[in-house]
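Reading through the structure tokens given below for one structure.
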Amino acid sequence: MQPENTTRPALSRRFSVAPMMDWTDRHCRFFLRQLSRHALLYTEMVTTGALIHGDRERFLRYSECEHPIALQLGGSNPQDLAACAKMAEQHGYDEVNLNVGCPSDRVQNNMIGACLMGHPALVADCVKAMRDAVSIPVTVKHRIGINGRDSYSELCDFVGQVRDAGCRSFTVHARIAILEGLSPKENREIPPLRYDVAAQLKRDFPDLEIILNGGIKTLEECEQHLQTFDGVMLGREAYHNPYLLAQVDNRLFGAAAPSISRMDALLALKPYVEQHLREGGTLHHVSRHVLGLAQGFPGARRFRQLLSVDIHKVQDPLGLLDQAAELLRGH
Numbered sequence: 010m011q012p013e014n015t016t017r018p019a020l021s022r023r024f025s026v027a028p029m030m031d032w033t034d035r036h037c038r039f040f041l042r043q044l045s046r047h048a049l050l051y052t053e054m055v056t057t058g059a060l061i062h063g064d065r066e067r068f069l070r071y072s073e074c075e076h077p078i079a080l081q082l083g084g085s086n087p088q089d090l091a092a093c094a095k096m097a098e099q100h101g102y103d104e105v106n107l108n109v110g111c112p113s114d115r116v117q118n119n120m121i122g123a124c125l126m127g128h129p130a131l132v133a134d135c136v137k138a139m140r141d142a143v144s145i146p147v148t149v150k151h152r153i154g155i156n157g158r159d160s161y162s163e164l165c166d167f168v169g170q171v172r173d174a175g176c177r178s179f180t181v182h183a184r185i186a187i188l189e190g191l192s193p194k195e196n197r198e199i200p201p202l203r204y205d206v207a208a209q210l211k212r213d214f215p216d217l218e219i220i221l222n223g224g225i226k227t228l229e230e231c232e233q234h235l236q237t238f239d240g241v242m243l244g245r246e247a248y249h250n251p252y253l254l255a256q257v258d259n260r261l262f263g264a265a266a267p268s269i270s271r272m273d274a275l276l277a278l279k280p281y282v283e284q285h286l287r288e289g290g291t292l293h294h295v296s297r298h299v300l301g302l303a304q305g306f307p308g309a310r311r312f313r314q315l316l317s318v319d320i321h322k323v324q325d326p327l328g329l330l331d332q333a334a335e336l337l338r339g340h
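Numbering-wise, my numbering puts 123 at position 114 of the sequence shown, and it's gapless, one number per residue.
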């Protein structure tokens, strides 16, 4: 684990990595932080029930170097969300975010995620309760609508009510969510992207911070969208092609420091992996998140094989990490 960093970058939503279930755990975030100091990192969505009734420390644990970091909550009970927002603040999170975008059946049945777009007054109550409980920012991530409630006027009604509850920052996944008949994966691909709707929202709510999410793949696209929006959020592309984060600080934040190499980014994980192994963890817990470092050059396939297949056969995981790093030399 890294020591506490007293020169922690200020919270900025100019570029962030989306909360992604099973992906943006603390090991993934530690790795992504080696590539960018300024990107805002989000946890996986954590339900209020998991924090109130489950292993709170396991869900809230992170390394100090992960700042700036936001906790994303799933829930719809204002009191429970307020209690969990307090936990986030007490654990040092820089922001707490309410999920109003996840379309899976499992969360819908618990009134979590995108189905809440049909209940703007309830979302407003949740935001107000959270804001009353903490001094850190409370933000919302949402879709541009849900099936049956996908008109622009209904989107404005949602944003307006939540704004009136005190929310100043909205991350807009620029697709509607189809709540019946589509899997979460299909809901990220089948409903068309409507950047124009998100852009209209920014024009109609110029006083709000509007962050664009959905389908963004390159830093060139990020730069283009930042002419319209206050920030961009990348999800799957940031995970599958993480090395694009190595240029984020220079290109989007004006940092002067040179980008870290792929090899150095992997080697920077060694002390972290050593600590994780001492605590009873496995290299795979960490290395599964770095496979996207190798793409499109000789040795890339071997790199992925080492860290996804061979990893389960070796007695010396740190030696395997060195071997994998050597394949990244010069790329």
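Here a beta-carbon is modelled for each residue, glycine too, at the ideal position from N, C-alpha and C.
Looking only at its own chain, which residues have a Cβ that is under 7 Å from the Cβ of R158, when we skip the five neighbours before and after it? A distance below 7 Å between beta-carbons, with the five flanking residues on each side excluded, links R158 to the following residues of its chain, in chain order: M126, G127.
What span of residues does the alpha helix (DSSP H) with E232 cover, start to end? Per DSSP, E232 is one residue of the alpha helix (DSSP H) stretching across 228 to 234.
Return the chain-ordered ranges of every beta strand (DSSP E) run that is complete within the region 202 to 257 and spans a minimum of 3 residues. Along the region 202 to 257, the beta strand (DSSP E) occurs as fully enclosed runs of 3 or more residues at 218 to 222, 240 to 243, listed in sequence order.
I'd like the ranges of any beta strand (DSSP E) spanning at least 3 consecutive residues and lying wholly in the region 49 to 122. Taking only runs of at least 3 residues, the beta strand (DSSP E) segments lying wholly in the region 49 to 122 are 49 to 51, 78 to 83, 104 to 109.
Pull up the distance between the alpha-carbon of P280 and that of R35, whole angstroms please. Cα-Cα distance, rounded: 15 Å.
Specify the secondary structure class of I185 as computed by DSSP and reduced to three states. Of the three classes helix, strand and coil, the one that applies to I185 here is strand, per DSSP.
Checking 7 Å against the spacing of the C-beta atoms, do V351 and F179 come in under that value? Residue 351 lies beyond the residue range present for the chain, which begins at 10 and ends at 340; the question has no answer from this structure.
Quick check: the region 284 to 303 against the region 76 to 87, are there 3 or more CB pairs under 8 Å? The region 284 to 303 makes no contact with the region 76 to 87: fewer than 3 CB pairs, one atom from each, lie closer than 8 Å.
Rounded to whole angstroms, what is the Cα-Cα separation between L292 and R313? Their Cα atoms are separated by approximately 14 Å.
Are there any heavy atoms of the ligand SAH lying less than 6 Å away from the beta-carbon of H36, as far as the coordinates show? For the structure depicted, the ligand SAH is absent and the ligand set is empty, with no information on it obtainable.
Identify which residue in K226, Q81, L243 has its Cα closest to the Cα of M54. Nearest of K226, Q81, L243 to M54, Cα basis: Q81.
Less than 7 Å separating the beta-carbons of F24 and L217? No, these two residues do not count as a Cβ contact at 7 Å.
Roughly how many angstroms separate the alpha carbons of H62 and F306, rounded to a whole number? H62 and F306 have their alpha carbons spaced roughly 47 Å apart.
Supposed close pair V206, I220 - CB separation, criterion 8 Å: Cβ atoms of V206 and I220 stay farther apart than 8 Å, at about 14 Å.
Please tell me whether L80 has its Cβ less than 7 Å away from any Cβ of chain B. You won't find chain B in this structure, because it holds only one protein chain.
Let me know the alpha helix (DSSP H) ranges lying completely inside the region 244 to 326, each 4 residues or longer, listed in chain order. With a minimum length of 4 residues, the continuous alpha helix (DSSP H) runs that stay inside the region 244 to 326 are 245 to 249, 257 to 262, 271 to 276, 279 to 287, 292 to 296, 309 to 317.
Own chain residues within Cβ distance below 7 Å of V171, not counting five before or after: Cβ within range, chain order: P129, V132, A133, V136, V149.
Mind checking whether R203 and I155 have CB atoms under 7 Å apart? No; because the gap between Cβ atoms is not below 7 Å, this pair is not in contact.
Between L90 and the rest of its own chain, which residues show a CB-CB distance below 8 Å, the 5 nearest in sequence each way excluded? Non-local C-beta neighbours of L90 in its own chain, meaning closer than 8 Å and more than five positions away in sequence, comprise T57, L82, G84, L107, C135, A138, M139, ordered along the chain.
Starting from the C-beta of M120, find all residues in its chain whose C-beta is less than 6 Å away, skip the five residues before and the five after it, and write them out in chain order. So the list reads S85, once near-sequence residues are dropped.
Is the CB-CB distance between A48 and L302 below 7 Å? A48 places its beta carbon 7 Å or farther from that of L302.
Taking Cβ positions, are H298 and C37 nearer each other than 7 Å? Yes, Cβ-Cβ distance for H298 and C37 is below 7 Å.
Nearest CA to the CA of E335: which residue from E73, G308, F167? Selected option, being the one with the closest Cα: G308.
Measuring only the C-alpha atoms, how far is E163 from I185? Distance between E163 and I185, taken at the CA atoms: about 12 Å.
Proximity of D258 and S72 at Cβ, strictly below 7 Å: It is not a contact, given that the beta carbons lie outside the stated cut-off.
Please report how far the alpha carbon of T227 lies from the alpha carbon of Q88, in whole angstroms. If you draw a straight line from the Cα of T227 to the Cα of Q88, it is about 40 Å long.
CA-CA distance, Q236 and F40? Roughly 29 Å between the two C-alpha positions.
Nearest candidate by alpha-carbon position, reference C165, set G122, H182, D213, C124: Residue D213 is the option with its Cα nearest to C165.
Since M29 and G223 should fall inside the 8 Å C-beta cutoff, what is the C-beta to C-beta distance between them, to a whole number of angstroms? Not quite, the Cβ-Cβ distance comes to about 13 Å (not below 8 Å), so this is no contact.
Classification of S144 by the beta-carbon crowding that lies within 10 angstroms, buried from 16 upward: By the 16-neighbour rule on beta-carbons within 10 angstroms, S144 is exposed.
Straight-line gap, E189 to E195 (C-alpha atoms, nearest Å): C-alpha separation (whole angstroms): 11 Å.
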